[in-house]
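Residue numbers for the sequence shown follow this note's numbering, so the first one is 1318 and each next one is one higher. Here a beta-carbon is modelled for each residue, glycine too, at the ideal position from N, C-alpha and C. Structure first, commentary second.
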Amino acid sequence: MLNHRGYQGAVSFADGRLIIRVLHIEDTVTDECDSASKAQAHFEGLVDDYLDTCKALGKEPSRPFKGSFNVRVSPSLHRRAAMAAADRGQSLNAWVEQAIENNLATCHEGDETACTGMARRLSA
1318 MLNHRGYQGA VSFADGRLII RVLHIEDTVT DECDSASKAQ AHFEGLVDDY LDTCKALGKE
1378 PSRPFKGSFN VRVSPSLHRR AAMAAADRGQ SLNAWVEQAI ENNLATCHEG DETACTGMAR
1438 RLSA
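The following block contains the structure:
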């Protein structure tokens, strides 16, 4: 996983080249390089160029996370979660946010089966 200025990137391999992609944004921003040791530097340049281009165009750059996302669950689970939230006097959004925080807290307590290294890096 690549990180720079609040943006996260991924590297994949295709046709003998490493493809670097900025994740979690609405725009498609990619680059190629031929060496894994150069991937981080290419990613940093890619993000910086994207931000500079947006500025030059007077366009607001897409940000990785807005704080909202859609979650699709079964109607039964939706109902149970909404009822549990109401029992606690919370909105469904607040209840889900707390559930996510509780699960991430488990990751930070060192439970290797509960999460991946990516979630632990977010707390650093």
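Cβ pair residue i, residue j closer than 8 Å
| i | j | result |
| --- | --- | --- |
| L1319 | I1336 | no |
| L1363 | V1346 | yes |
| A1416 | L1409 | no |
Strand pairing of residue i, partner residues [DSSP]
| i | result |
| --- | --- |
| L1394 | DSSP output for L1394 lists no bridge partner at all. |
Beta-carbon proximity list for residue i, same chain, < 8 Å, skipping 5 on both sides
| i | result |
| --- | --- |
| G1323 | R1380, P1381 |
| L1340 | Y1324, Q1325, G1326, A1327, P1381 |
| L1368 | R1322, P1378 |
| A1356 | L1319, V1328, L1335, I1337, C1350 |
Beta-carbon contacts of residue i that lie in its chain and below 6 Å, excluding the five residues immediately before and after
| i | result |
| --- | --- |
| E1343 | S1379 |
| W1412 | A1402 |
Cβ neighbour criterion (16 or more within 10 Å) applied to residue i
| i | result |
| --- | --- |
| V1390 | exposed |
| D1348 | buried |
| H1395 | exposed |
| F1330 | exposed |
| F1386 | exposed |
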